[in-house]
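Going down the list, the sequences are from chains A and B. Sequential numbering from 601 applies to the first sequence in this note's numbering. Sequential numbering from 601 applies to the second sequence in this note's numbering. Ideal Cβ placement from N, Cα and C applies to all residues, glycine included. What follows is a single structure, written as C-alpha cells, with notes after it.
There are 2 protein chains.
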Amino acid sequence: MDNYKREDLLSLLPYKPAKEKEVIRLHANESPYDLPEDLKEAIFERVRKENFNFYYDPSCDELKEALSSYLGVEPEKIFVGSGADEIIYDIALAYAGPGREVIIPVPSFSSYEIFSAVSGAKVIRVPLLLDEGPEGCIWKLDLPKIKSHFKKDEPQVMFLCNPNNPTGDYFNDSDIFELLEDFNGIVAVDEAYFEFGGKTLINMISQFPNLVIIRTFSKVFSLAGLRIGYAVAEENIIEEFYKVKPPYNVSLFSQIAAVEVLKRMDWVEDVKEKIIRAREDLKAKLKKLPGVTVYPSSTNFLLCKFDMPRDVVHQKLLEKGILVRKPEGKEVENMLRISVGTAEQNELLVKAFEDILK
Amino acid sequence: MDNYKREDLLSLLPYKPAKEKEVIRLHANESPYDLPEDLKEAIFERVRKENFNFYYDPSCDELKEALSSYLGVEPEKIFVGSGADEIIYDIALAYAGPGREVIIPVPSFSSYEIFSAVSGAKVIRVPLLLDEGPEGCIWKLDLPKIKSHFKKDEPQVMFLCNPNNPTGDYFNDSDIFELLEDFNGIVAVDEAYFEFGGKTLINMISQFPNLVIIRTFSKVFSLAGLRIGYAVAEENIIEEFYKVKPPYNVSLFSQIAAVEVLKRMDWVEDVKEKIIRAREDLKAKLKKLPGVTVYPSSTNFLLCKFDMPRDVVHQKLLEKGILVRKPEGKEVENMLRISVGTAEQNELLVKAFEDILK
C-alpha cells in the first residue's frame, strides 16, 4: 500500500518511545515528583461532579483565567493545547504549511522539525556554534547563517527553544532580540524549562508582535501524563490557532488538574527549588568525575560529554537501572542528556558513574 | 500581522462553539447519561496510583488490548487518538497533505473538510442525493459523480461517515463496496455512531487494505469530555499514523477511563438500549407533529425538516431551554439536527414542539 503514502514523509520514522518500566527515568526531563495525595484528591473531588458524557470547554476559559493570574497576561493572549506538542503542531499548521519554510537552530527538540515537515513546510536547519571558552561552554546561535536565510528562502516560522533542549542553557538575549527584530515571520520561543532558569520573554509580546511563547505543564508542574501546554502571544496570532486546533482539544480532567495545581504554587515552588538544588549538586559531582564534561544548564537536565563512547556509558547505566537519553545530531554525538532526579536518584547516578568511569 | 498567515487558510473560521450551560444539550450528539458514580470511583482508584509527573503510555497498549477483545481485532490493527478528531487529523496528515486531494460526500461532519484543508490538500465535495420515495427518505451517495473524480483528480483520501452525520442513516452497502473496490486511495469510514445502528465494516479490513475505520468513545461510551477515539485498519496503514501523531497523544486519565468503561459493557449496553428506545419513541412523536419531516436514523440523533423557517424553530426551542443544531450545507438548509436525550428530555422537547408548531 506504499502508493497511498505521502512521498515527502517517507523518511519520517514512526515515534515509538522505549518502554522501560523498572528503571530510574532520567531520559525524558520529567519532574521526579508526583502530585501529593491531597492535591490528587482535590482534582478528583472536582472532576467527580463533572459530566464525563459532555464535551468540555473547548476554549479552556477557567484555565486561561488561572494562567492569566500566574503570568500577568490577559486571558485573550493565552491559548491552551493538549501538551506543548499540540501548541507546536498548531504553530506549524497555522503558520508553516505547504510551500513555506521553517528555520530551526539545531540540535533542538525534535518535534519542531517533524511537525513542520508534516505541515508540508521545508525545514532549514542551522547548526549551533559551541564556544568552549575559559568560563565554560556556550552554545550560540549562528546569527550570520540564520540571517542569510531570511532573504534567500523567506522562511515564515522560526522555532527557538530557550533554554535549549538538549544543550541546556539560554541563548544570548541580544541574539534573540536581533532575530525578533529582523525576522519577518513568527518566532516561536519554547520556554518549556522556564521555571528552572527564571528568564522569560513573555513580557515582550506587545513589543514583538511576531513572538509566540510556548509553555508546558509537563515539567515543573509535574503533569506530563495529562498533556497540557499553552501559548502566549498577541491576540491576532492566537486567533489562528483556533482555526487549526481540534475543536475539543484538552480533556476535562486535564483542564481541571492544571487549574488545581496552579492553586498550589507553594508546592510547585518547592518542586522547583528541590530540582534546582539537585541540579547544582549533581553538576558539581559529575564535574569531579574523570572524562566527563558538563555543560551549563538552566533547565532540569544536564548535557554531558564523555571520553568513553556514549553508547557504552548509556548501556552500562541501563544495566544499573538508570535510563538517560542519547540526543540526536552530530553536534552532540558523544553526549548524553541526563534529567535531574531526586537527591536519592542522583546519588545512585553518581555512584553508577563512579563505577562506570573508573 | 496578516502577512504571516497561510493564504490557503484565510477563509477558515476559528472554531468557537457556543457556550450554553443552562440548557438541555441536544446539539452535540452526546450521550445524555453520565458514568455511574461507582465507575467514576473505579477510574479514580486506578488513576490515584499513577504518576501524573511521568509521560504515560504513548501507544496505549492496555487500551488497545481491551479494544482488541471488544472488537475481535488484533491490537496491532488498532490506533488510539485524542478523540476521533485526532484520528481524522492523523489520516489527513498522513495520507492527504500538500498537492493531494480528498473527496468528501457532503453534507457530513465538518472536521473532514477542515483538517484536510489544513493538511494542504484540495477538498472535492460531492453532494449527496436525496430519494424521497414511498418508503421514506434515503440519502444516497452520488456514485457516478464521485467516480468521475477518481481519474480526473486522482484523490488519495475519501471520508465517508456511515451512518452519516447529519443525515442520520447508513449509505447503501453495495455503493460503499463499489467505492472501496474502485478507489485507489484510503477510504476512511467514520463509524462514530456504530453502536446505535449495529452495522460495521470492521470485519472487512483484511479484504480492503485501503479501508480505515474511525470510532469514538464520545457517543455511547459517554466519554466525550475525555477525548478518546480510535482507528482500525491493516497494520501498514496504522504505522503511518505513528509518524504524524504527537508523541504522547492520549492522557493517562483518558486511557484508564476508556479501559474501565470497557469493563462495564453491561452499563454501555444499557445506555445504548435506552437511547435507541428513546430515538424510536421521539421519532414516532415528532412524525405526528404538523409541518415536520423526520428522516430515518441509525444514530443518536434525528434530522428533521420544517415547514416553518428553521431559525425560528431553533430560536423558540432555545427560549424554552433546548439547544439543537443547525447543520451546514444547502442540502440540509431548512433542517435541524436533534440529539436524542433522556426520555424526560425528549418529553420536554415534544411539548416544546407542540407549542411552537401549533
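DSSP bridge partner residues for residue i (one or two, in chain order)
| i | result |
| --- | --- |
| Ala788(B) | Phe759(B), Val812(B) |
| Ala831(A) | Phe679(A), Ile814(A) |
| Cys1002(A) | Nothing about residue 1002(A) can be read from this structure; chain A reaches only from 601 to 958. |
| Arg625(A) | Leu923(A) |
| Val892(A) | Phe906(A) |
| Ser939(A) | Phe901(A) |
| Lys722(A) | Glu701(A) |
| Pro766(B) | According to DSSP, Pro766(B) bridges with nothing at all. |
| Pro727(A) | Val706(A) |
Partners in chain A for residue i, counting only beta-carbon separations shorter than 8 Å
| i | result |
| --- | --- |
| Glu650(B) | Gly825 |
| Arg879(B) | Per Cβ cutoff of 8 Å: no residues; Arg879(B) is ~16 Å from chain A at best. |
| Gly891(B) | By Cβ distance, chain A contributes nothing, its closest Cβ being about 31 Å from Gly891(B), past 8 Å. |
Burial state of residue i, where buried means 16 or more other Cβ atoms lie within 10 Å
| i | result |
| --- | --- |
| Asn803(B) | exposed |
| Met865(A) | exposed |
| Ser611(A) | exposed |
| Tyr656(B) | buried |
| Lys872(A) | buried |
| Asn784(B) | exposed |
| Arg827(A) | buried |
| Tyr670(B) | exposed |
| Gln915(B) | exposed |
| Asp731(A) | exposed |
| Asn765(B) | buried |
| Lys819(A) | buried |
| Arg648(B) | exposed |
| Pro744(A) | exposed |
| Glu686(A) | buried |
| Gly768(A) | buried |
Alpha-carbon to alpha-carbon, residue j and residue i
| i | j | result |
| --- | --- | --- |
| Gly672(B) | Tyr842(A) | 38 Å |
| Tyr895(B) | Ala717(A) | 44 Å |
| Leu809(B) | Asp742(A) | Looking at the sequence provided, one finds Pro at residue 809(B) rather than Leu. Each residue's alpha carbon lies about 48 Å from the other. |
| Pro847(B) | Gln945(B) | 41 Å |
| Ile876(A) | Asp870(A) | 10 Å |
| Ser631(A) | Phe901(B) | 45 Å |
| Cys904(A) | Val924(A) | 11 Å |
| Met601(A) | Ile837(B) | In this prediction, Met601(A) has a pLDDT of 47, which is less than 50 and means its spatial position is unreliable; what the coordinates show is noted afterwards. Computed Cα separation, rounded: 8 Å. |
| Thr800(A) | Glu791(A) | 7 Å |
| Gly720(A) | Pro707(A) | 21 Å |
| Ser851(B) | Val832(B) | 20 Å |
| Val623(B) | Asp661(A) | 19 Å |
| Glu607(B) | Leu613(A) | 30 Å |
| Phe906(A) | Val892(A) | 5 Å |
| Leu949(B) | Ile922(B) | 7 Å |
| Gly929(B) | Phe652(B) | 43 Å |
| Glu835(A) | Tyr604(B) | 14 Å |
| His627(A) | Arg937(A) | 7 Å |
| Pro675(B) | Leu823(A) | 28 Å |
Residue range of the unbroken alpha helix (DSSP H) whose run includes residue i
| i | result |
| --- | --- |
| Pro773(A) | Here residue 773(A) turns out to be Asp, not Pro, going by the sequence shown. That run of the alpha helix (DSSP H) goes 773–782. |
| Met865(A) | 865–887 |
| Lys751(A) | 743–752 |
| Arg606(A) | No alpha helix (DSSP H) holds Arg606(A); DSSP gives it neither H nor E. |
| Ser669(B) | 661–671 |
| Gln807(B) | Segment: none, Gln807(B) is in no alpha helix (DSSP H) and carries neither H nor E. |
| Val647(B) | 637–647 |
| Ser854(B) | 852–862 |
Neighbouring residues, chain D, relative to residue i (Cβ below 7 Å)
| i | result |
| --- | --- |
| Glu622(B) | Protein chains in the displayed structure are A and B, and chain D is not among them. |
Bounding residues of the beta strand (DSSP E) (the contiguous stretch that carries residue i)
| i | result |
| --- | --- |
| Val706(A) | 701–706 |
Listed by chain order, chain A residues near residue i by CB distance under 7 Å
| i | result |
| --- | --- |
| Leu852(B) | Gly825, Leu826 |
| Glu840(B) | Lys605 |
Within chain B, partners of residue i - CB distance below 7 Å
| i | result |
| --- | --- |
| Phe654(A) | Arg625, Glu630, Ala824, Gly825 |
| Glu686(A) | Pro846 |
| Leu612(A) | Lys843 |
| Tyr689(A) | Pro846 |
| Gln756(A) | Tyr604 |
Per-residue contacts from residue i into chain A (C-beta, under 9 Å)
| i | result |
| --- | --- |
| Asp634(B) | Glu650, Asn651, Phe652, Asn653, Phe654 |
| Val718(B) | Leu693, Ala694, Gly697, Ser719, Lys843, Val844 |
| Gly974(B) | With chain B represented from 601 up to 958, any question about residue 974(B) goes unanswered, as that position is not in the structure. |
Where residue i meets chain B, residues with beta-carbon distance less than 8 Å
| i | result |
| --- | --- |
| Asp870(A) | Going along chain B, no residue has its Cβ under 8 Å from Asp870(A), so there is no contact; the nearest lies around 14 Å. |
| Ala694(A) | Lys605, Arg606, Leu609 |
| Phe679(A) | Under the 8 Å cutoff, chain B gives no residues; its nearest Cβ is about 11 Å from Phe679(A). |
Residue i: contacting residues in chain B (beta-carbon distance under 9 Å)
| i | result |
| --- | --- |
| Lys640(A) | Phe644, Val647, Arg648, Phe652 |
Closer than 7 Å: residue i CB and nearest the ligand GTP heavy atom
| i | result |
| --- | --- |
| Ser939(A) | Of ligands this structure carries none, so the ligand GTP is not represented either. |
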